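Asks: Residue numbering for the sequence shown follows my numbering, beginning at 54 and increasing consecutively. Backbone N, C-alpha and C define an ideal beta-carbon position, used for all residues, glycine too. No experiment lies behind these values; they were computed from the predicted model shown. Quick one: the structure is below, questions incoming.
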Amino acid sequence: MDQTKSYFSNKMNLFYSKNIFLKPQKLSKEESLHCIRVLRKKENDELFITEGKGIIYIAKITTIKNDLVNYSELTIHSKFNRKTNTHIFISLPKKRSRFEWFLEKVTEIGVDTISPLVCKNSEREKINFNRCQRILIAAIKQSKNHILPQLTEPILFKEAIKNQVGHAYLAHCYSSEKKIFKEVLLESKNPKKISLFIGPEGDFSKKELNFANAESIIPISLGQNILRTETAGIVGCNMINLLT
């Protein structure tokens, strides 16, 4: 777990900037309006800003002009490097709201890359990328997270399996032999990268499981209960953060 989050009080507000050091240094229109009109920040006030790349900075507001906040004097407030880089491939639930809830929660927990997975039994294959990106940004601001997950466009199952790197695990509900994910993680030797595959409500097809097995993807169980797709993704990410 990210211990640096304890440095923040609930009253501290974190701002996001895609290019913190780009001149002139200023917040986006949306962030500026929140800063000025909601939080009532003024010139010479402190700001906490992140690019979502592992560092949170302290800056000072220099000017407020045309509803844009300009800042300077960036200093590092805190850093965070996650021990294990986590890439989750997850099939899209039928309801958009369930996937958006998943995005919010795994960002709060901590994940590096999120890839919507297109499987045979997937109920959706497209996302509103910009809307999802806004949800991720809002989640790092709320949770004071140092790392903004990278969201990719939906990827086909076979392509994802072929391109994964590191330790790769696939969660499914079939009765075939599989390892307990918690035990696998406890036995692992500080893995640098983990890829976790979560299937749709109808599970992966037998053909997809056979393909994954042929590519040496390790089949795993997340526990005895049957979980919704988005719940399984959250449980898996939380296990990785706690046990690696």
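For residue 171, does the three-state DSSP call read helix, strand or coil?
Replies: Three-state result, residue 171: strand.
Asks: So, for residue 57: in the same chain, excluding its five sequence neighbours on each side, which residues have a beta-carbon less than 6 Å away from its beta-carbon?
Replies: Its pLDDT being 46, under 50, residue 57 is placed unreliably in this model, and the value from its coordinates should be taken loosely. Counting only Cβ-Cβ distances below 6 Å, and skipping sequence neighbours, we find 131, 133.
Asks: Could you tell me the distance, in whole angstroms, from the CA atom of residue 116 to the CA atom of residue 99?
Replies: 12 Å
Asks: Give me the Cα-Cα distance between residue 78 and residue 128, rounded to the nearest whole angstrom.
Replies: 14 Å
Asks: Please state whether the Cβ-Cβ distance between residue 295 and residue 285 is less than 8 Å.
Replies: no
Asks: Cα-Cα, which of 236, 193, 216, 261 is closest to residue 109?
Replies: 193
Asks: Excluding five sequence neighbours on each side, which residues of the same chain lie with their C-beta closer than 8 Å to the C-beta of residue 121?
Replies: 79, 80, 82, 85
Asks: Decide if residue 195 is buried, meaning its Cβ has at least 16 other Cβ atoms within 10 Å, or exposed.
Replies: exposed
Asks: Would residue 213 and residue 170 qualify as a contact pair, given that the criterion is a beta-carbon distance under 8 Å?
Replies: Contact: yes.
Asks: The alpha helix (DSSP H) spanning residue 291 covers which residue range?
Replies: 282–296
Asks: At which residue ranges does the stretch 194–271 contain complete beta strand (DSSP E) runs of 3 or more residues, listed in the order of the chain?
Replies: As far as the stretch 194–271 is concerned, its whole beta strand (DSSP E) runs of at least 3 residues are 220–224, 246–251.
Asks: Among residues of its own chain, excluding the 5 on either side of residue 256, which ones have a beta-carbon nearer than 8 Å to its beta-carbon?
Replies: Short of 8 Å from the beta carbon of residue 256, and not among the five residues preceding or following it, lie these beta carbons of its own chain, in chain order: 174, 225, 226, 227.
Asks: Around the Cβ of residue 288, are there at least 16 other Cβ atoms within 10 angstroms (buried) or fewer (exposed)?
Replies: buried
Asks: Taking C-alpha atoms, which residue in 138, 186, 88 lies nearest to residue 152?
Replies: 186
Asks: Measuring straight from C-alpha to C-alpha, what distance separates residue 264 and residue 206?
Replies: The straight-line gap separating the alpha-carbon atoms of residue 264 and residue 206 is approximately 22 Å.
Asks: When we look at the beta-carbon of residue 125 and count the other beta-carbons within 10 Å, is it buried (16 or more) or exposed?
Replies: exposed
Asks: Ignore the nearest five residues each way along the sequence and tell me which others in residue 74's own chain have a CB closer than 8 Å to its CB.
Replies: 127
Asks: Under the rule that 16 or more other beta-carbon atoms within 10 Å means buried, what is residue 245, buried or exposed?
Replies: exposed
Asks: How big is the Cα-Cα spacing for residue 291 and residue 163?
Replies: 8 Å
Asks: Find the nearest neighbour of residue 102 within the set 69, 92, 90, 76, judged by alpha-carbon distance.
Replies: 69
Asks: Is it right to say residue 283 is buried, meaning 16 or more other beta carbons lie within 10 angstroms of its own, or is it exposed?
Replies: buried
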